[in-house]
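Undergrad: So that we are looking at the same thing, I have put the structure below in structure tokens.
Number of protein chains: 2
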Amino acid sequence: MNLKEFAARIGLSQTTVSRAMSGYPEVRPETRRRVLEAAEKLGYRPNISAQRLATGRAGAIGMVFQGGGRFGPHSSEFMGGLSTRLQEDGIDILVSTVETEAEEAAAYRRLAASKRVDAVVVHTPACADARIALLQTLALPFIVHGRSTAERSFAFLDIDNFGAIETAAGYLADLGHRRIALINGDTTSTYAQDRSSGYRTTLEARGLILDPALVGHGEFTDETGFRLMQAFLALPAPPTAVIAGSMMSALGAMRAIRIAGLAVGADVSLIAHDDVFPYLSPDNLVPSVTTTQSPIRAAGERIGDMVLRLLQGEAPEALQEIWPVDFRIRGSTGPAPA
Amino acid sequence: MNLKEFAARIGLSQTTVSRAMSGYPEVRPETRRRVLEAAEKLGYRPNISAQRLATGRAGAIGMVFQGGGRFGPHSSEFMGGLSTRLQEDGIDILVSTVETEAEEAAAYRRLAASKRVDAVVVHTPACADARIALLQTLALPFIVHGRSTAERSFAFLDIDNFGAIETAAGYLADLGHRRIALINGDTTSTYAQDRSSGYRTTLEARGLILDPALVGHGEFTDETGFRLMQAFLALPAPPTAVIAGSMMSALGAMRAIRIAGLAVGADVSLIAHDDVFPYLSPDNLVPSVTTTQSPIRAAGERIGDMVLRLLQGEAPEALQEIWPVDFRIRGSTGPAPA
DNA sequence: CTGAAAGCGCTTACAG
DNA sequence: CTGAAAGCGCTTACAG
Numbered sequence: 001m002n003l004k005e006f007a008a009r010i011g012l013s014q015t016t017v018s019r020a021m022s023g024y025p026e027v028r029p030e031t032r033r034r035v036l037e038a039a040e041k042l043g044y045r046p047n048i049s050a051q052r053l054a055t056g057r058a059g060a061i062g063m064v065f066q067g068g069g070r071f072g073p074h075s076s077e078f079m080g081g082l083s084t085r086l087q088e089d090g091i092d093i094l095v096s097t098v099e100t101e102a103e104e105a106a107a108y109r110r111l112a113a114s115k116r117v118d119a120v121v122v123h124t125p126a127c128a129d130a131r132i133a134l135l136q137t138l139a140l141p142f143i144v145h146g147r148s149t150a151e152r153s154f155a156f157l158d159i160d161n162f163g164a165i166e167t168a169a170g171y172l173a174d175l176g177h178r179r180i181a182l183i184n185g186d187t188t189s190t191y192a193q194d195r196s197s198g199y200r201t202t203l204e205a206r207g208l209i210l211d212p213a214l215v216g217h218g219e220f221t222d223e224t225g226f227r228l229m230q231a232f233l234a235l236p237a238p239p240t241a242v243i244a245g246s247m248m249s250a251l252g253a254m255r256a257i258r259i260a261g262l263a264v265g266a267d268v269s270l271i272a273h274d275d276v277f278p279y280l281s282p283d284n285l286v287p288s289v290t291t292t293q294s295p296i297r298a299a300g301e302r303i304g305d306m307v308l309r310l311l312q313g314e315a316p317e318a319l320q321e322i323w324p325v326d327f328r329i330r331g332s333t334g335p336a337p338a
Numbered sequence: 001m002n003l004k005e006f007a008a009r010i011g012l013s014q015t016t017v018s019r020a021m022s023g024y025p026e027v028r029p030e031t032r033r034r035v036l037e038a039a040e041k042l043g044y045r046p047n048i049s050a051q052r053l054a055t056g057r058a059g060a061i062g063m064v065f066q067g068g069g070r071f072g073p074h075s076s077e078f079m080g081g082l083s084t085r086l087q088e089d090g091i092d093i094l095v096s097t098v099e100t101e102a103e104e105a106a107a108y109r110r111l112a113a114s115k116r117v118d119a120v121v122v123h124t125p126a127c128a129d130a131r132i133a134l135l136q137t138l139a140l141p142f143i144v145h146g147r148s149t150a151e152r153s154f155a156f157l158d159i160d161n162f163g164a165i166e167t168a169a170g171y172l173a174d175l176g177h178r179r180i181a182l183i184n185g186d187t188t189s190t191y192a193q194d195r196s197s198g199y200r201t202t203l204e205a206r207g208l209i210l211d212p213a214l215v216g217h218g219e220f221t222d223e224t225g226f227r228l229m230q231a232f233l234a235l236p237a238p239p240t241a242v243i244a245g246s247m248m249s250a251l252g253a254m255r256a257i258r259i260a261g262l263a264v265g266a267d268v269s270l271i272a273h274d275d276v277f278p279y280l281s282p283d284n285l286v287p288s289v290t291t292t293q294s295p296i297r298a299a300g301e302r303i304g305d306m307v308l309r310l311l312q313g314e315a316p317e318a319l320q321e322i323w324p325v326d327f328r329i330r331g332s333t334g335p336a337p338a
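Chains as they are written, first to last, in UniProt numbering: chain A, 1 to 338; chain B, 1 to 338.
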């Protein structure tokens with residue numbers, strides 16, 4: 001059933017019905033009630049494509065993921081939060097996957113040109129990320145999950161990656177550890193660089209030597225955690241503590257520690273940064289894992305808020321947040337071995 | 001730039017331009033080339049909402065996830081595959097999250113009434129799943145990832161869950177195990193019931209006793225795997241082998257085995273069913289884990305194909321597949337202890 | 001092979 | 001507070 005038919009059926013003009021359904025103020029409350037009830041009873045819903053064409057709004061936002069690799073557990077938690085929030089306002093999320101950076105750029109161009117989405121959410125930015133410049137050129141509104149630098153200001157939400165590692169490394173130093181390893185993410189990402197800075201700054205402040213051999217980079221998989229940790233332990237002077245960039249890396253690192261005949265928490269302390277996954281809790285591991293944590297699902301919800309405000313015309317400069325990170329001490333950390 | 005403007009710019013009618021861009025046959029090849037080149041150069045793209053309104057097709061398919069709980073690593077791998085395939089044909093994926101079954105039903109009604117999507121993909125069906133009947137009533141085309149029963153036939157893709165457990169349990173029985181535990185998923189799901197059947201059938205065929213205390217159900221988290229395995233090991237006659245329904249459950253079970261002072265693969269054999277996650281490989285665990293495996297990403301791609309065929313008018317009965325499951329013997333299984 | 005024009009189902013400025 | 005009508009940007013039957 002379309003608007004014409006529905007309006008005729010209840011004896012009102014299309015105009016009035018349209019206004020009543022969209023919550024416009026200039027409709028008599030009683031009229032609105034009557035329209036809404038009839039719509040419910042007769043099962044009338046405005047055709048979304050027609051609405052979009054008429055208003056020029058897409059009613060959807062886009063997210064592009066590069067390869068399967070980047071659409072992992074972090075993405076799904078984030079999307080869960082984002083979707084929950086946007087759902088309330090009837091905004092859809094449109095997901096695309098691409099293989100290369102060039103394809104990602106092409107995807108944004110396509111989304112912008114065909115008016116498929118009103119805004120996009122960009123994630124895992126590099127420093128001076130080219131996507132940001134592109135989206136500004138395309139005039140496609142966007143929010144960055146993470147941080148980057150750009151000539152013009154833009155909206156973003158990030159966690160305090162610097163502070164997270166500063167806290168973790170500081171705590172380990174307080175426990176007497178002098179050789180602290182870091183399992184970091186992809187070098188080009190801002191978050192990995194922020195974590196590196198936090199690591200360096202803290203070690204310097206504590207008068208600890210910065211040994212490049214104690215820093216590794218790679219994907220957040222258990223395999224990478226395992227390999228990097230094995231390499232650390234094979235050093236002439238192995239670390240007595242390690243900071244892992246994710247729970248998956250931490251799982252791999254813990255295995256490497258055990259295989260070397262060492263005990264996590266006694267011989268080697270471990271702190272993981274964790275985005276809080278419902279299916280893998282640091283409390284349940286043995287030993288339980290000390291973490292710096294940040295609820296990525298909540299970040300998704302918050303970015304949903306920010307998108308809505310952006311579309312209502314709020315300035316991107318007003319939409320910038322950095323979230324502090326929680327520190328939870330559990331069983332995987334202890335005094336440095338004598 | 002819109003069609004009118006673009007057509008005027010290159011001196012052709014809107015009709016011809018539209019046909020050239022959509023690949024209709026009745027356009028002279030040279031004309032088409034000229035149009036396509038000009039569109040590329042001038043950056044013209046048809047407005048997607050207008051196209052959708054004119055054709056009556058939404059150009060999108062929907063997926064609804066219940067709570068964050070069900071939008072986990074399996075979902076993201078699946079979506080990665082689905083999205084890759086649909087992308088090729090310019091079909092978008094629209095993601096919604098809901099909290100309850102009632103809300104999920106409401107979401108389908110909304111998607112159907114507002115013509116937001118051309119089809120939906122339903123996952124994790126129960127036996128005689130109410131969603132199937134609803135979608136048939138709504139006349140909203142759909143494909144089920146998994147299996148269910150319904151009065152009228154429908155399209156689906158499932159893996160051979162019965163066969164997977166039959167293979168795993170049979171292999172363990174061949175190794176001499178007589179007390180084999182099963183960590184299964186949510187009881188109401190068809191896949192969990194199929195796995196139960198495979199388990200029961202195999203044990204009976206081998207003349208092994210079916211001990212209800214050796215079967216546990218729950219979410220596929222490491223915590224559930226850990227708790228269930230601890231309970232199994234606390235039995236007067238604990239199992240010498242266990243089949244875990246997912247890698248996450250397997251991780252938890254392995255921890256419980258180790259904490260009990262037992263060795264995985266020697267004292268207790270373990271087989272996991274695994275959907276093949278790039279970030280957590282059974283080869284990398286210690287010991288490496290014997291699995292029955294099925295590439296959920298490939299299933300996503302295949303369902304993308306099936307959706308496309310469904311929308312082209314193929315009958316649902318012609319779109320039904322059951323995939324066999326691979327069996328990979330690794331280090332976590334061995335002869336039953338004497 | 002190409003074009004003029006009706007139609008898809010809404011929203012909204014304008015008039016009352 | 002309500003309505004008649006133009007317009008959003010496409011597609012496609014019909015005519016040539």
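For glycine and all other residues, C-beta sits at the position ideal for the given N, C-alpha and C.
Note that this is a predicted model, so its numbers are computed, not measured.
Three-state secondary structure (DSSP) at residue 203/B?
TA: The residue you call residue 203/B lines up with position 203 of the second sequence. The answer is helix: DSSP assigns residue 203/B an H, G or I state.
Undergrad: Taking only beta-carbon positions, decide if residue 223/A is within less than 8 Å of chain B.
TA: For this step, residue 223/A is matched to residue 223 along the first sequence. Output row for residue 223/A: interface = yes.
Undergrad: Pick helix, strand or coil for residue 161/A, following the three-state DSSP scheme.
TA: Stepping through the first sequence from its first residue, residue 161/A is reached at position 161. In the structure shown, residue 161/A sits in a helix (DSSP, three-state: H, G or I).
Undergrad: If the cut is a Cβ gap below 7 Å, which residues of chain B does residue 84/A touch?
TA: Numbered from its first residue, the first sequence carries residue 84/A at position 84. Within chain B, the residues near residue 84/A are 97.
Undergrad: My output table needs one value for residue 78/A: the three-state DSSP class, helix, strand or coil.
TA: Locating residue 78/A in the first sequence gives position 78, counting from the first residue. Note: residue 78/A maps to helix in three-state DSSP.
Undergrad: Less than 8 Å separating the beta-carbons of residue 183/B and residue 225/B?
TA: What you label residue 183/B is simply residue 183 of the second sequence in a count that begins at 1. What you label residue 225/B is simply residue 225 of the second sequence in a count that begins at 1. Their beta carbons are under 8 Å apart, which means residue 183/B touches residue 225/B by this criterion.
Undergrad: At least one CB of chain A closer than 8 Å to the CB of residue 171/B: is that the case?
TA: For the purposes of this step, residue 171/B is taken as the residue at position 171 of the second sequence. By this cut-off, residue 171/B is not an interface position.
Undergrad: So if DSSP puts residue 240/A in a beta bridge, which residue, or which two residues, is it bridged to?
TA: Along the first sequence, one-based indexing puts residue 240/A at 240. Paired residues: none, contrary to the question.
Undergrad: Which residue comes first and which comes last in the alpha helix (DSSP H) that contains residue 221/A?
TA: Taking the first sequence and counting its residues from 1, the one referred to as residue 221/A is at position 221. From DSSP, residue 221/A is part of no alpha helix (DSSP H); its letter is neither H nor E.
Undergrad: So residue 47/A contacts chain B; which residues on that side make the cut at Cβ distance below 8 Å?
TA: The residue given as residue 47/A occupies position 47 in the first sequence. Per Cβ cutoff of 8 Å: 53, 114 and 115.
Undergrad: Please name the residue in 111/A, 161/A and 257/A whose C-alpha comes closest to that of residue 273/A.
TA: Taking the first residue of the first sequence as position 1, residue 273/A is located at position 273. Minimum Cα distance to residue 273/A is reached at 161/A.
Undergrad: Within 8 Å (strictly less), CB to CB, does residue 229/A reach chain B?
TA: In the first sequence, the residue the question calls residue 229/A occupies position 229. So, not an interface residue.
Undergrad: Using 8 Å as the threshold, is the C-beta distance between residue 250/A and residue 244/A below it?
TA: Within the first sequence, numbered from 1, the residue matching residue 250/A stands at position 250. Within the first sequence, numbered from 1, the residue matching residue 244/A stands at position 244. Their beta carbons are under 8 Å apart, which means residue 250/A touches residue 244/A by this criterion.
Undergrad: Looking only at C-alpha atoms, which of 39/B, 158/B and 23/B sits nearest to residue 4/B?
TA: Here residue 4/B refers to the residue found at position 4 when the second sequence is read from its first residue. Checking every option, the nearest Cα to that of residue 4/B belongs to 39/B.
Undergrad: Alpha carbon to alpha carbon, what distance is there between residue 158/B and residue 197/B?
TA: What you label residue 197/B is simply residue 197 of the second sequence in a count that begins at 1. What you label residue 158/B is simply residue 158 of the second sequence in a count that begins at 1. Roughly 16 Å separates the two Cα atoms.
Undergrad: If the criterion is Cβ atoms closer than 8 Å, does the pair residue 331/A and residue 288/A meet it?
TA: Counting from 1 along the first sequence, the entry for residue 331/A is found at position 331. Counting from 1 along the first sequence, the entry for residue 288/A is found at position 288. A contact, by the Cβ cut-off of 8 Å.
Undergrad: Since residue 320/A sits in a beta bridge, which residues does DSSP pair it with?
TA: Walking along the first sequence from the start, residue 320/A turns up at place 320. DSSP, once it has assigned bridges, lists 156/A as partnering residue 320/A.
Undergrad: Report yes if the C-beta distance between residue 177/B and residue 240/B is below 8 Å; otherwise report no.
TA: As a position in the second sequence, residue 177/B is number 177, starting the count at 1. As a position in the second sequence, residue 240/B is number 240, starting the count at 1. Yes, Cβ-Cβ distance for residue 177/B and residue 240/B is below 8 Å.
Undergrad: Applying the 10 Å Cβ sphere with the 16-neighbour rule, what's the burial state of residue 338/B?
TA: Looking up residue 338/B in the second sequence gives position 338. Exposed, because fewer than 16 other Cβ atoms sit within 10 Å of the Cβ of residue 338/B.
Undergrad: Count the other C-beta atoms from every protein chain shown that fall within 10 angstroms of the C-beta of residue 9/B, then say buried if there are 16 or more, exposed otherwise.
TA: For the purposes of this step, residue 9/B is taken as the residue at position 9 of the second sequence. Around the Cβ of residue 9/B, a 10 Å sphere holds fewer than 16 other Cβ atoms; the residue is exposed.
Undergrad: Kindly indicate which residue of 325/A, 125/A and 207/A has the alpha-carbon position closest to the one of residue 296/A.
TA: The residue you call residue 296/A lines up with position 296 of the first sequence. Restricting attention to 325/A, 125/A and 207/A, the CA atom closest to the CA of residue 296/A is found in 325/A.
Undergrad: Quick check on residue 152/B: buried or exposed, where buried means 16 or more other Cβ atoms within 10 Å of its Cβ?
TA: Along the second sequence, read from residue 1 onward, the residue named residue 152/B stands at position 152. Counting Cβ neighbours within 10 Å, residue 152/B comes out exposed, since fewer than 16 surround it.
Undergrad: In three-state DSSP terms, what is residue 114/A?
TA: Here residue 114/A corresponds to residue number 114 of the first sequence, with the count starting at 1. Three-state DSSP puts residue 114/A in coil, outside helix and strand.
Undergrad: Since residue 49/A and residue 53/B are thought to touch, with beta carbons under 8 Å apart, how far apart are those beta carbons, to the nearest angstrom?
TA: In the first sequence, the residue the question calls residue 49/A occupies position 49. In the second sequence, the residue the question calls residue 53/B occupies position 53. Right, the Cβ-Cβ distance comes to about 4 Å (below 8 Å), so this counts as a contact.
Undergrad: Starting from residue 255/A, find everything on chain B with Cβ-Cβ shorter than 9 Å and list it in chain order.
TA: Along the first sequence, read from residue 1 onward, the residue named residue 255/A stands at position 255. Under the 9 Å cutoff, chain B gives 284, 285 and 286.
Undergrad: Would you report the Cα separation of residue 309/A and residue 276/A, rounded to the nearest angstrom?
TA: Your numbering for residue 309/A matches position 309 in the first sequence. Your numbering for residue 276/A matches position 276 in the first sequence. Straight-line Cα distance between these residues: approximately 26 Å.
Undergrad: Is residue 131/A buried or exposed, if buried means 16 or more other CB atoms sit within 10 Å of its CB?
TA: For the purposes of this step, residue 131/A is identified with residue 131 of the first sequence, where counting begins at 1. Residue 131/A is buried by the Cβ-count criterion.
Undergrad: Would residue 30/B be called buried (16 or more neighbouring beta carbons within 10 Å of its own) or exposed?
TA: Mapped onto the second sequence, residue 30/B falls at position 30. Exposed, because fewer than 16 other Cβ atoms sit within 10 Å of the Cβ of residue 30/B.
Undergrad: Shorter than 8 Å from the beta carbon of residue 265/B to some beta carbon of chain A?
TA: The sequence position of residue 265/B within the second sequence is 265, counting from 1. Chain A, which has no Cβ nearer than 8 Å to the Cβ of residue 265/B, makes this no.
Undergrad: Where does residue 69/A sit, in a helix, a strand or coil, going by DSSP?
TA: In the first sequence, the residue the question calls residue 69/A occupies position 69. For residue 69/A, the pLDDT reaches just 48, beneath the cut-off of 50, and the residue's location in the model is therefore unreliable, although a value from the coordinates is still provided. Residue 69/A falls in the coil class under three-state DSSP.
Undergrad: Taking all protein chains shown into account, do 16 or more other C-beta atoms lie within 10 angstroms of the C-beta of residue 22/A, making it buried, or fewer, making it exposed?
TA: Residue 22/A sits at position 22 when you count from the first residue of the first sequence. Exposed: under 16 other Cβ atoms inside 10 Å.
Undergrad: Please list the partners that residue 43/A has in chain B, where partner means a Cβ-to-Cβ separation under 7 Å.
TA: Here residue 43/A corresponds to residue number 43 of the first sequence, with the count starting at 1. Correct list: 113.
Undergrad: Quick check on residue 58/A - is its C-beta less than 8 Å from some C-beta in chain B?
TA: Position 58 of the first sequence, counting from 1, holds the residue named residue 58/A. For residue 58/A, the answer is yes, since a Cβ of chain B falls inside 8 Å of its Cβ.
Undergrad: Output the distance between the C-alpha atoms of residue 292/A and residue 200/B, rounded to the nearest integer angstrom.
TA: Working through the first sequence from its first residue, we reach residue 292/A at position 292. Working through the second sequence from its first residue, we reach residue 200/B at position 200. Rounded to the nearest angstrom, the two C-alpha atoms are 44 Å apart.
Undergrad: What does residue 94/B reach in chain A if we use C-beta pairs closer than 9 Å?
TA: Position 94 of the second sequence, counted from the first residue, corresponds to residue 94/B. Simply 60, 92, 93, 94 and 95.
Undergrad: Going by C-alpha distance, which of 90/A, 97/A, 95/A and 98/A is nearest residue 98/B?
TA: Walking along the second sequence from the start, residue 98/B turns up at place 98. Residue 98/B has its Cα closest to that of 90/A, out of 90/A, 97/A, 95/A and 98/A.
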